[in-house]
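So the sequence shown is numbered by the working numbering: it starts at 263 and just counts up by one.
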Amino acid sequence: QVQLVESGGGSVQAGGSLRLSCAASGVTFSCGGWFRQAPGKEREFVAQICWSSGGTTYADSVKGRFTMSSDNAKKTVSLQMNSLKPEDTAVYYCGARYSNAGSYDFWGQGTQVTVSS
C-alpha cells in the first residue's frame, strides 16, 4: 500500500522557519513534490525534485527562501522554509509520481502551515 505521510507543519511568526518532511512507503518514485492550497484558492506548485535528473525546481514565490531535499534512498523528501511570510499560509501537500513529467500519482494528507504577521 502506497502512503505519503507529512509532518512538521505548525504556526510561526513572519520571518520564521519551519521544516516539512514527507515519508513515502510502498513504492519508489521518480519525482517528489510539494504543493500548497490556501483557503479559497487552488492548489499550487511549490517545489519538486526528480531523482533521475537530480534537478530541483521551485515556484518563483519561494525561490531563495525554500529548499527541498531528499534522502539517498528516495524515501523521504523535506522542505526547509525560511523567511516565511503570511502569504505562505496554506495546507502543504506532499506528492509523488512514477514518471518525470505529467500529473502526480499519489498525495499525502496535508499539513497546515500558518504564518502570522
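Every residue gets a Cβ at the ideal spot worked out from N, C-alpha and C, and that includes glycine.
Keep in mind the model is a prediction, meaning the values are calculated, not measured.
Local Cβ density within 10 Å of VAL308, reported as buried at 16 or more and exposed below that: The residue you call residue 308 lines up with position 46 of the sequence shown. Counting Cβ neighbours within 10 Å, VAL308 comes out buried, since at least 16 surround it.
As assigned by DSSP and simplified to three states, the class of GLU304: The residue you call residue 304 lines up with position 42 of the sequence shown. Three-state result, GLU304: coil.
Cβ shell of GLY295 (< 6 Å), same chain only, five flanking positions each side left out: Translated into positions along the sequence shown, residue 295 becomes position 33. The beta carbon of GLY295 sits closer than 6 Å to those of GLN310 and GLY357, all from its chain and outside the five residues before and after it, given in chain order.
Whether SER279 touches MET343 by CB criterion (8 Å): By one-based count along the sequence shown, residue 279 stands at place 17. By one-based count along the sequence shown, residue 343 stands at place 81. Yes. Within cutoff.
Residues bridged to TYR366 (per DSSP): Here residue 366 corresponds to residue number 104 of the sequence shown, with the count starting at 1. Bridge partners of TYR366 according to DSSP: none are assigned.
8 Å Cβ shell around SER315 - same chain, five flanking residues per side excluded: Taking the sequence shown and counting its residues from 1, the one referred to as residue 315 is at position 53. Cβ contact annotation for SER315 (same chain, cutoff 8 Å, sequence separation greater than five): ASN362, in chain order.
Contact check, VAL377 vs ALA286, beta carbons under 8 Å: As a working note, residue 377 is residue 115 in the sequence shown. As a working note, residue 286 is residue 24 in the sequence shown. A distance of 8 Å or more separates the beta carbons of VAL377 and ALA286.
Counted within 10 angstroms of its Cβ, other Cβ atoms place ASP350 as buried (16 or more) or exposed: On the sequence shown, position 88 is the one that residue 350 refers to. Buried, since its Cβ has 16 or more Cβ neighbours within 10 Å.
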